[in-house]
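Numbering (my numbering), first residue to last: 149 to 435. Every residue, glycine too, gets a C-beta built ideally from N, C-alpha and C. Below is one structure, written out as structure tokens; the observations come after it.
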Amino acid sequence: MALKGEDAMSNNLSRRDVLLGGFGALVGASVGGGVAWAESAERREAEVRAEMQAAHNAALDEWRELVAAYEALEEVGLDETLARGLSTLATPLETVRDMVQRVQGGLQQAGDALKQLDEGLVLLDTGLAAAEQAVNTLAEGVQRLEAALAAADERTGGLAQRTADFLRRVLGYLPFGMGERATLVFDEMTNLLAHVPESITAINTALLQPVRATFFPRTATGEVEVRLLDPFVDGVMAPVEQLLGKLTDLLNTLETSVIRPAQHALAVRAERRARVREWRERLGLEL
């Protein structure tokens, strides 16, 4: 009986021990598995953070390279070079503008003077025409006188000879020796008349006709074909005035379309570059 009771007690303890042992083993296995899962999650999280940090660093490196490229572009000194060039051009361009204005003023004064001279040449042309007309009238009068003398005396000879013969015949009819006293006067008149035809010819051929043909040529309608100063005005002054006008337009275009916009753009760029430097200094950004 006693052995049977002891065997029953041993069997009961064995089952409890087995149950307790199994439960403990189960709990231990659960705890161990949880710790292993937590460690795995932490490793994965660390890996993700490392990957994100690496991607972030790579992006920052690309941005740094981009900023470095812009900095290298700024170091070329384009703004400074352009600013110095504009400053260097300012004085010569202003000098050219001043010279253009002076030359234009001189051309204006020269044009006024030439206008007055041209008006004087018109008067000269009118005077030459009047002188030519007077000489022609004198020549016609001489021809009429020769014709009258020829009708009064059939003897041949020039104007002076005919006039002298005619006057001597007239003087022969004067009484009391008056003809002798007048002979000297008529001799001088004869000498004067002897030079009248050749003087008329010389004035026409050596003075009036060459001057009018050279400086005041006529068209078929009798108008002056080319004035004396027309070639200079049309061939020199007009092209120079046109050239100065084009040069003035060029200077104005450079001023309004190049210099001023470039100066404004440089000023804006300088202001923005200063703001970028302040921003980088404030944030402590270094390439």
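Neighbourhood of residue i by C-beta, 7 Å cutoff - its chain only, sequence neighbours within 5 removed
i	result
Leu377	Leu262, Leu265 and Asp266
Leu214	none
Ala279	Leu356
Arg197	none
Straight-line Cα distance separating residue j from residue i
i	j	result
Gln252	Ala287	51 Å
Thr103	Ala295	In the structure displayed, the chain extends from 149 to 435; residue 103 sits before or after that span and is not available.
Ala354	Glu389	39 Å
Gly254	Thr404	27 Å
Val384	Asp260	15 Å
Ala207	Thr243	55 Å
Ala368	Ile351	24 Å
Thr236	Trp211	38 Å
Gly268	Thr274	10 Å
Glu371	Asn284	20 Å
Glu223	Ala238	25 Å
Asp209	Tyr218	14 Å
Arg425	Arg232	23 Å
Ala437	Ala299	Residue 437 is absent from the structure shown; the chain starts at 149 and stops at 435.
Glu187	Glu199	18 Å
Gln257	Gln281	36 Å
Ala203	Asp397	59 Å
Ala194	Glu429	33 Å
Arg192	Leu221	43 Å
Gln201	Arg423	30 Å
8 Å CB neighbourhood of residue i in its chain, flanking five on each side removed
i	result
Leu276	Leu356, Val359, Arg360 and Phe364
Asp382	none
Cβ-Cβ separation, residue j to residue i (assumed contact under 8 Å), whole Å
i	j	result
Leu230	Ala410	6 Å
Pro379	Val290	At roughly 39 Å, the Cβ-Cβ gap does not stay under 8 Å, so Pro379 and Val290 are not in contact.
Leu399	Arg250	With a Cβ gap of about 14 Å, Leu399 and Arg250 do not count as contacting.
Leu241	Leu402	7 Å
Asp227	Arg417	6 Å
Val248	Leu392	5 Å
Ile407	Leu234	6 Å
Contacts around residue i, its chain only, beta-carbon distance under 6 Å, and the 5 residues preceding and following it disregarded
i	result
His412	none
Trp427	none
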